[in-house]
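Asks: Chains as they are written, first to last, in the UniProt record's numbering: chain A, 1 to 353; chain B, 1 to 353. Glycine included, each C-beta is placed from N, C-alpha and C at the ideal position. Just so you know, these numbers come straight off a predicted model, no measurement behind them.
2 protein chains.
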Amino acid sequence: MGKRLPKLPMSRFDDVVSSPTIYDVARRAGVATSTVSRAFSTPGRIGEATRARVLDAARELGYEPNPHARALTSRRTQTLAMVVSDITNPHFFELIRGAEMRAKAARYTLVLVNAEESPRIELEQVQRLSRSVDGFLLAASRQPAENLVKVAAEHPVVMVNRQVPGLASVVVEHTEGCRQMVAHLASLGHTSVVYLAGPPNSWMAASRWAAIRDAAAEYGLTAVRAGPFTPTVGHGGAAADAAIRTGATGIIAHNDLLAIGVLRRLADRSVRVPGDVSVVGFDDIFAADLCSPRLTTLGGAHANVGRAAVEILLESIGAPRDLRPVPEVALPSELVLRDSTGSPGSTPREDHS
Amino acid sequence: MGKRLPKLPMSRFDDVVSSPTIYDVARRAGVATSTVSRAFSTPGRIGEATRARVLDAARELGYEPNPHARALTSRRTQTLAMVVSDITNPHFFELIRGAEMRAKAARYTLVLVNAEESPRIELEQVQRLSRSVDGFLLAASRQPAENLVKVAAEHPVVMVNRQVPGLASVVVEHTEGCRQMVAHLASLGHTSVVYLAGPPNSWMAASRWAAIRDAAAEYGLTAVRAGPFTPTVGHGGAAADAAIRTGATGIIAHNDLLAIGVLRRLADRSVRVPGDVSVVGFDDIFAADLCSPRLTTLGGAHANVGRAAVEILLESIGAPRDLRPVPEVALPSELVLRDSTGSPGSTPREDHS
DNA sequence: CTGAAAGCGCTAACAG
DNA sequence: CTGTTAGCGCTTTCAG
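Shown next as structure tokens:
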């Protein structure tokens, strides 16, 4: 018992009156430290009565396990990292919200990282956090697949809104969604669509374009792609101009932000929506219902995506590496019809400015 | 050197090939472990040449300090927690974004917690994280001031968009902002305003009401308060009805979300904005520029608030407890004039439904 | 400026 | 089911 007497190295400031440890609890409860440990970490492998005694002692002392000491030996941190490609995009809001809530419910802590659209920052931060978290949620990663596979070899990872062969992922279904989108446009009488593409290294951008092209072929529309564009409102101007130039009457923007920017530019150029052209977006962000005209968009319950991703990650953490499940979940999307789509008028588009 | 031979307790799964430690680096560089430690944590107190040698060895081995081991002895975690009252509110987006970026720049990790408008969850989470983070950013805390003082006695804390005597805080200036708001309404010819209040335990709500009331007195308007309302779009309906009932022509909603909900309800009831009544909000969220009519609102650079809060927190962490600065920073707000405010028409409001 | 040594608080064999 | 014991990887006196 004299063991714990030696002078402690002081923390820099005598700020914190050092809190009770398992030793204090053990002494008070009259058990070994390992028993205290078990009472907290493996409640199954300890006698009911002993456990109660330990818990009492702990409460009386105001004992709380030290997460770092715990992590140091057990290598479990009870922390998850979510790295998003661009925190500026409201779309991620929902994702983050869902993930945070699910993590909290599981008594996990959620660390948030903004990769600022940079694959380098993304990797750097994953690297930096690799010892601090139990697993990663990689949302809309801009990383080449090979790097992701490497990361996944070292840590539990679940991809969000991106699929990589061999890795767990949660996406909102978009192949069928894009089909519906194109079908909707076709049924309105459009014969041509343009996809205003997202970032060049965006898996989603490639994936959506493929789906749109296929659907267009199926419905007998011509489809072209313009861009890539940074999917923000600000870049909607250039995107709109590019769209007009293609002569297509169906404009499919990479996301709602870009679509809203397109809408603005179109209004400035006196191109009527949906009279002259129709515009659709992706994500169904809050603002899509507020802009004018209100935006038709492919939505999906993104909070659920965040939630599901955390759930899968948690399972993955609990499982031995080789038995680790690699589910590819696709949550349903839903085409939300609003006012930015309609039949293209017979009047040719022209610039009234 | 035989020290490190004994069988290591295996991690549950032989997942991770245990990474190099200071021991490995020390051996390779031919120095003591303490020297390796110094090379990373106190670069000043070590010879230039030695340091270089250690760093080389570390690089060759791919060594990365283990944050938990570090935290265990040093009690510094390089992690900050940001707890927001309601992650659902886009307003916090900006705050979070600013905080994340500043934290990342300082090589700190940002943990995100959603208090879901519950003071209990708020406190619970602070408690839970108290050993895992170096300090707290408490955004729009719903906590009684006394509890906050207690928390701040135990950890570095900076309040965001809330002031508590004796605690560090960053807010966007609103007293003057409310004055401008009321002045704007007065100059338009309004003679009465109603404040649609936010949550009962919201400091902001109390603070804004006080400022509005004072400003109204100053400009000779009558001011009444209605509510409290949960400041979401969904609750805008009831808020609008309450506002109409007061007969005031100047409607000041607690935030943009509520204001947008009010706008909707007003449109449904065929109350013209700004013909019959004017509506103003707070925060200048993205959607405020998109709704119709576009919303006049009191904005401010919220990302800067997040950034500033992190900066202050970082300083606070570096300082001994009693010398800890307690700045109360107020960043400028800005009244953004848009289309939801105008002169009240002579036609009495009526329900055309 | 550098090395030796003693822990930080906890978990995980290993016995019993 | 419970106790003993040896570390996890790092920081920090304390000497030199």
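Give a yes or no on whether 8 Å exceeds the smallest Cβ distance from residue 97/B to chain A.
Replies: Counted from its first residue, the second sequence places residue 97/B at position 97. Output row for residue 97/B: interface = yes.
Asks: With distance defined between alpha-carbon atoms, name the residue in 33/B, 72/B, 71/B and 80/B nearest to residue 58/B.
Replies: Counting from 1 along the second sequence, the entry for residue 58/B is found at position 58. Comparing Cα positions, the closest option is 33/B.
Asks: Kindly indicate if chain A contains any beta-carbon less than 8 Å away from that of residue 153/B.
Replies: If you number the second sequence from 1, residue 153/B lands on position 153. Taking Cβ atoms only, chain A never reaches closer than 8 Å to residue 153/B, which makes this a no.
Asks: Between residue 293/B and chain A, is there a C-beta pair that is closer than 8 Å?
Replies: Numbered from 1 along the second sequence, position 293 holds the residue referred to as residue 293/B. Judged by the 8 Å Cβ criterion, residue 293/B is not in contact with chain A.
Asks: With residue 76/A as the anchor, note down where its beta strand (DSSP E) starts and where it stops.
Replies: Taking the first residue of the first sequence as 1, we reach residue 76/A at position 76. Run containing residue 76/A: none; DSSP gives neither H nor E here.
Asks: Based on DSSP bridge pairs, tell me the residues matched to residue 195/A.
Replies: The residue given as residue 195/A occupies position 195 in the first sequence. The partner list for residue 195/A (beta bridge, DSSP) reads 225/A and 252/A.
Asks: Mapping the DSSP letters down to three states, classify residue 331/B as helix, strand or coil.
Replies: If you number the second sequence from 1, residue 331/B lands on position 331. The answer is strand: DSSP assigns residue 331/B an E or B state.
Asks: Quick one: residues in its chain with C-beta nearer than 6 Å to the C-beta of residue 337/B, no 5 flanking neighbours on either side, listed in chain order?
Replies: In the second sequence, residue 337/B corresponds to position 337, counting from 1. So the qualifying residues of the chain are 296.
Asks: Identify which residue in 222/B, 205/B and 156/B has its Cα closest to the Cα of residue 317/B.
Replies: Taking the second sequence and counting its residues from 1, one reaches residue 317/B at position 317. The shortest Cα separation from residue 317/B among 222/B, 205/B and 156/B belongs to 156/B.
Asks: Is there a C-beta anywhere in chain A that falls below 8 Å from the one on residue 87/B?
Replies: As a working note, residue 87/B is residue 87 in the second sequence. Yes, its Cβ sits closer than 8 Å to a Cβ of chain A.
Asks: What distance in whole Å lies between the Cβ atoms of residue 341/A and residue 274/A, which are believed to be in contact at a cut-off of 8 Å?
Replies: By one-based count along the first sequence, residue 274/A stands at place 274. By one-based count along the first sequence, residue 341/A stands at place 341. Indeed they touch by this definition, with Cβ atoms about 5 Å apart.
Asks: Starting from residue 90/B, find everything on chain A with Cβ-Cβ shorter than 8 Å and list it in chain order.
Replies: Numbered from 1 along the second sequence, position 90 holds the residue referred to as residue 90/B. Neighbours of residue 90/B on chain A, chain order: 90, 93 and 286.
Asks: What are the residues that DSSP puts in a beta bridge with residue 84/B?
Replies: As a working mapping, residue 84/B is identified with position 84 in the second sequence. 114/B and 139/B.
Asks: Just to confirm, is the Cβ distance from residue 331/A to residue 308/A under 8 Å?
Replies: By one-based count along the first sequence, residue 331/A stands at place 331. By one-based count along the first sequence, residue 308/A stands at place 308. Taking 8 Å as the Cβ cut-off, residue 331/A and residue 308/A qualify as a contacting pair.
Asks: Is the separation between the beta-carbon of residue 82/A and that of residue 112/A shorter than 8 Å?
Replies: Here residue 82/A is taken as the residue at index 82 of the first sequence, counted from 1. Here residue 112/A is taken as the residue at index 112 of the first sequence, counted from 1. It is a contact, given that the beta carbons lie within the stated cut-off.
Asks: Give the residues of chain A in contact with residue 142/B, contact being defined as C-beta atoms less than 9 Å apart.
Replies: Counting from 1 along the second sequence, the entry for residue 142/B is found at position 142. By Cβ distance, chain A contributes nothing, its closest Cβ being about 17 Å from residue 142/B, past 9 Å.
Asks: Between the segment 168-180 of chain A and the segment 124-134 of chain A, are three or more C-beta pairs nearer than 8 Å?
Replies: No, the segment 168-180 of chain A does not touch the segment 124-134 of chain A.
Asks: With residue 151/B and residue 169/B assumed to form a contact (beta carbons below 8 Å), what rounded beta-carbon distance in angstroms separates them?
Replies: Translated into positions along the second sequence, residue 151/B becomes position 151. Translated into positions along the second sequence, residue 169/B becomes position 169. Not really, about 13 Å apart at Cβ, beyond 8 Å.
Asks: In angstroms with no decimal places, state the Cα-to-Cα distance between residue 249/B and residue 333/A.
Replies: By one-based count along the second sequence, residue 249/B stands at place 249. By one-based count along the first sequence, residue 333/A stands at place 333. Roughly 42 Å between the two C-alpha positions.
Asks: Just the C-alpha distance for residue 182/A and residue 164/A, rounded to the nearest angstrom, thanks.
Replies: Reading the first sequence from its first residue, position 182 is the one you call residue 182/A. Reading the first sequence from its first residue, position 164 is the one you call residue 164/A. Each residue's alpha carbon lies about 26 Å from the other.
Asks: List the endpoints of the continuous beta strand (DSSP E) containing residue 170/B.
Replies: Counting from one through the second sequence, the residue named residue 170/B turns up at place 170. First-last of the beta strand (DSSP E) with residue 170/B: 168-172.
Asks: Between residue 356/A and residue 72/B, is the Cβ-Cβ spacing less than 8 Å?
Replies: Outside the shown range of chain A (1 to 353) lies residue 356/A, about which nothing can therefore be said.
Asks: Considering only residues of the same chain and omitting the five flanking positions on each side of residue 313/B, which have a CB-CB separation below 7 Å?
Replies: Along the second sequence, read from residue 1 onward, the residue named residue 313/B stands at position 313. Cβ neighbours of residue 313/B beyond the five flanking positions: 80, 135, 137, 156 and 158.
Asks: Report the three-state DSSP secondary structure of residue 230/A (helix, strand or coil).
Replies: Within the first sequence, residue 230/A is the residue found at index 230, counting from 1. Coil, per DSSP.
Asks: Are the beta-carbon atoms belonging to residue 211/B and residue 205/B less than 8 Å from one another?
Replies: The count along the second sequence starts at 1 and reaches residue 211/B at position 211. The count along the second sequence starts at 1 and reaches residue 205/B at position 205. No. Outside cutoff.
Asks: Beta-carbon of residue 61/A versus every beta-carbon of chain B: anything under 8 Å?
Replies: The residue you call residue 61/A lines up with position 61 of the first sequence. Judged by the 8 Å Cβ criterion, residue 61/A is not in contact with chain B.
Asks: What are the residues that DSSP puts in a beta bridge with residue 159/A?
Replies: Taking the first residue of the first sequence as position 1, residue 159/A is located at position 159. Answer is 138/A and 169/A.
Asks: Any C-beta of chain A sitting closer than 8 Å to the C-beta of residue 265/B?
Replies: Within the second sequence, the letter at position 265 stands for residue 265/B. False, the Cβ-Cβ gap to chain A never drops below 8 Å.
Asks: Which residue wins for smallest C-alpha separation from residue 267/B, given the options 37/B, 124/B and 236/B?
Replies: Counted from its first residue, the second sequence places residue 267/B at position 267. The option with the nearest alpha carbon to residue 267/B is 236/B.
Asks: Specify the secondary structure class of residue 34/B as computed by DSSP and reduced to three states.
Replies: Counting from 1 along the second sequence, the entry for residue 34/B is found at position 34. Residue 34/B: helix per DSSP, three-state reduction.
Asks: Does residue 5/B pass the burial test, meaning 16 or more other C-beta atoms within 10 Å, or should it be called exposed?
Replies: For this step, residue 5/B is matched to residue 5 along the second sequence. Caution is warranted here: a pLDDT of 36 is assigned to residue 5/B, below 50, making its placement in the model unreliable, and no coordinate value can be reported.
Asks: When burial is assigned at 16 or more other CB atoms within 10 Å of the CB, is residue 67/A buried or exposed?
Replies: The sequence position of residue 67/A within the first sequence is 67, counting from 1. When all chains shown are included, residue 67/A counts as buried.
Asks: Under the three-state reduction of DSSP, which class applies to residue 246/B: helix, strand or coil?
Replies: Position 246 of the second sequence, counting from 1, holds the residue named residue 246/B. In the structure shown, residue 246/B sits in a helix (DSSP, three-state: H, G or I).
Asks: Using 10 angstroms around the beta-carbon of residue 23/A, count the other beta-carbons present and answer buried if the total reaches 16, otherwise exposed.
Replies: Along the first sequence, read from residue 1 onward, the residue named residue 23/A stands at position 23. It is exposed - the Cβ of residue 23/A has fewer than 16 other Cβ atoms within 10 Å.
Asks: Tell me whether residue 39/B sits in a helix, a strand or coil according to DSSP, three-state version.
Replies: Taking the second sequence and counting its residues from 1, one reaches residue 39/B at position 39. Of the three classes helix, strand and coil, the one that applies to residue 39/B here is helix, per DSSP.
Asks: Please look up how many angstroms separate the CB atoms of residue 87/A and residue 97/B, rounded, as I've assumed it's under 8 Å.
Replies: Within the first sequence, residue 87/A is the residue found at index 87, counting from 1. Within the second sequence, residue 97/B is the residue found at index 97, counting from 1. Yes, residue 87/A and residue 97/B are in contact; Cβ-Cβ is about 5 Å, under 8 Å.
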